[in-house]
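Numbering (the numbering used here), first residue to last: 1245 to 1564.
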Amino acid sequence: MDGGGEPQSAVVGVGEMLSATRESHGLSVADAAHALKLTQRQIEALECERFDLLPGAAFARGFLRNYARYLGIDPEPLLQALAQTDGVGAPELAPVCNAEGTMPASDGGLRPSALPIAVLAVLLLSAVVAGWYFDWFEQPRETAESAQVMETPVAPAALTPVPPAAHLAPVVIPDDAPADATALNPAAAPGSGAPAATGAAGMTGSAGMTGAPMAVAPPLVAEAPEAAAADAAPADAEPAAPPPQLVFRFTKESWVEVRDAAGEIIFARTNRAGTVQEVQGTPPFKLVVGNARSVTLEYGGKPVDLAPHTKISVARLTLE
């Protein structure tokens, strides 16, 4: 009887550690369940050490590992303690021996020789489902609001320079044409046309230049093509500045969550040691970084110190 109580005492404190760490981070059970894609009942079962309420031993180990990583706790000591409990350790598969003797006639029930095969099939199926779940959890969640799409600056449309206006040839008035002051001076008022014509005729007679042709002054020359093209061509538009960029570098495994200005999660995953992640979006950014002492962060090309924002091993900060 004394030896039977030792495995149960080895795991005491696992649930309390998970619950205390979650509360120290200011997270609720609903927050943890949403981040880990679990139900609140499963989170409560882990914190209450009710592993018998979970789908199976493989799922219990996987849930515990992911929960510990989410909170920034090393999962290995917890898994070792979990393996010491009855019914939660790694399943042992024994080879199936063929039954000997005369096989009874089938009466519609499950034959004794088929029972070990059914048990083995259930164990294999549980292992496959557990492996699929963990592989799916490790993949980064894609969001429709992925702010990592780079904005492509629009190149300004090329403007075709306006050709200069053609020079107008001067108009020569023949000798027999009447000296019409209104035609020579279009700006003159209609009411003053007759006096202007009389004055012009008098001046011509006194000067003795009645028979000389009169030429209309040429119009102003249009602006030079080079100057017009220089004025018409706009300065090259400056390309739009790219959105601020977050660069994470991991020396140890760490879980990171990033929310943009709209409060949407644009990045959330567990990152392996030696990897680099780049995230773009609309600031301000709200960051939660697990195992923060093993993460270096750059924002807009400048380093960000996570130490002032770190409690236990999780950093929480907002970057404008």
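We put the CB at the ideal spot given by N, CA and C, even for glycine.
For this session: Please state whether DSSP places Gln1286 in a helix, a strand or coil.
Result: Here DSSP, grouped into helix, strand and coil, assigns Gln1286 to helix.
Exercise. When the Cα atoms are used, what is the spatial distance from Ser1557 to Val1363?
Worked result: Here the alpha carbon of Ser1557 sits roughly 42 Å from the alpha carbon of Val1363.
Exercise. Quick one: what's Pro1511 bridged to in DSSP?
Worked result: In the sequence as presented, Pro is not what sits at residue 1511; that position holds Phe. The partner list for Phe1511 (beta bridge, DSSP) reads Val1502.
Problem set entry | Residue range of the unbroken alpha helix (DSSP H) whose run includes Gly1259 | For Gly1259, the uninterrupted alpha helix (DSSP H) run begins and ends at Val1258 to Ser1268, by DSSP.
Exercise. Taking the continuous alpha helix (DSSP H) assigned at Ala1325, which residues delimit it?
Worked result: According to the DSSP assignment, Ala1325 belongs to the alpha helix (DSSP H) that extends over Pro1319 to Ala1327.
For this session: Quick one: give me the first and last residue of the alpha helix (DSSP H) that Leu1280 is part of.
Result: Element bounds for Leu1280: Val1273 to Leu1280.
For this session: Note down the Cα distance separating Pro1528 from Arg1313, rounded to an integer number of angstroms.
Result: CA-CA distance, Pro1528 to Arg1313, rounds to 26 Å.
For this session: Give me whichever residues DSSP pairs with Pro1299 in a beta bridge.
Result: Paired residue(s): none; Pro1299 is not in a bridge.
For this session: Give the DSSP-derived three-state secondary structure of Arg1560 in the structure shown.
Result: In the structure shown, Arg1560 falls within a strand segment according to DSSP collapsed to helix, strand and coil.
Exercise. Do the region 1528 to 1541 and the region 1282 to 1301 make contact, defined as three or more Cβ pairs closer than 8 Å?
Worked result: Counting C-beta pairs with one atom in each stretch, the region 1528 to 1541 and the region 1282 to 1301 have fewer than three that are closer than 8 Å, which means they do not touch.
For this session: Pick out whichever of Glu1501, Thr1519 and Ala1505 has its Cα sitting closest to the Cα of Phe1511.
Result: Nearest of Glu1501, Thr1519 and Ala1505 to Phe1511, Cα basis: Glu1501.
Exercise. Within this structure, are the beta carbons of Leu1297 and Val1258 separated by less than 7 Å?
Worked result: In this structure, the beta-carbon distance from Leu1297 to Val1258 does not fall below 7 Å.
For this session: Let me know if Ser1268 comes out buried or exposed under the rule of 16 or more other beta-carbons within 10 Å of its beta-carbon.
Result: Its Cβ having fewer than 16 others within 10 Å, Ser1268 is exposed.
For this session: Could you have a look at Glu1497 and say whether DSSP puts it in helix, strand or coil?
Result: Three-state result, Glu1497: coil.
Problem set entry | Rounded C-alpha distance that separates Ala1278 from Ile1361 | Just to set this straight, residue 1278 is His in the shown sequence, not Ala. Cα-Cα distance, rounded: 37 Å.
Exercise. Leu1531 bridges to which residues according to DSSP?
Worked result: For Leu1531, DSSP records a beta bridge to Val1502 and Leu1561.
Exercise. Beta strand (DSSP E) containing Thr1540: first to last residue?
Worked result: Note, Thr1540: beta strand (DSSP E), Val1539 to Tyr1543.
Exercise. Closest to Ala1371 by CA distance: which of Tyr1311, Pro1319 and Gly1306 is it?
Worked result: Answer by Cα proximity: Gly1306.
For this session: Starting from Thr1554, follow its DSSP beta bridges and name the residues at the other end.
Result: According to DSSP, Thr1554 bridges with Ala1559.
For this session: Could you pull out every residue in the same chain whose Cβ sits closer than 6 Å to the Cβ of Asp1493, ignoring the five residues on either side in sequence?
Result: The residue asked about is misnamed: residue 1493 is Arg in this sequence, not Asp. Counting only residues of its own chain and dropping the five nearest sequence neighbours on each side, Arg1493 has a CB closer than 6 Å to the CB of Val1520 and Thr1540.
Problem set entry | For Glu1522, three-class secondary structure by DSSP | In the structure shown, Glu1522 sits in a strand (DSSP, three-state: E or B).
Problem set entry | Reference Asp1504; option with closest CA among Lys1496, Gln1489, Ala1559 and Val1366 | Nearest option by C-alpha distance: Gln1489.
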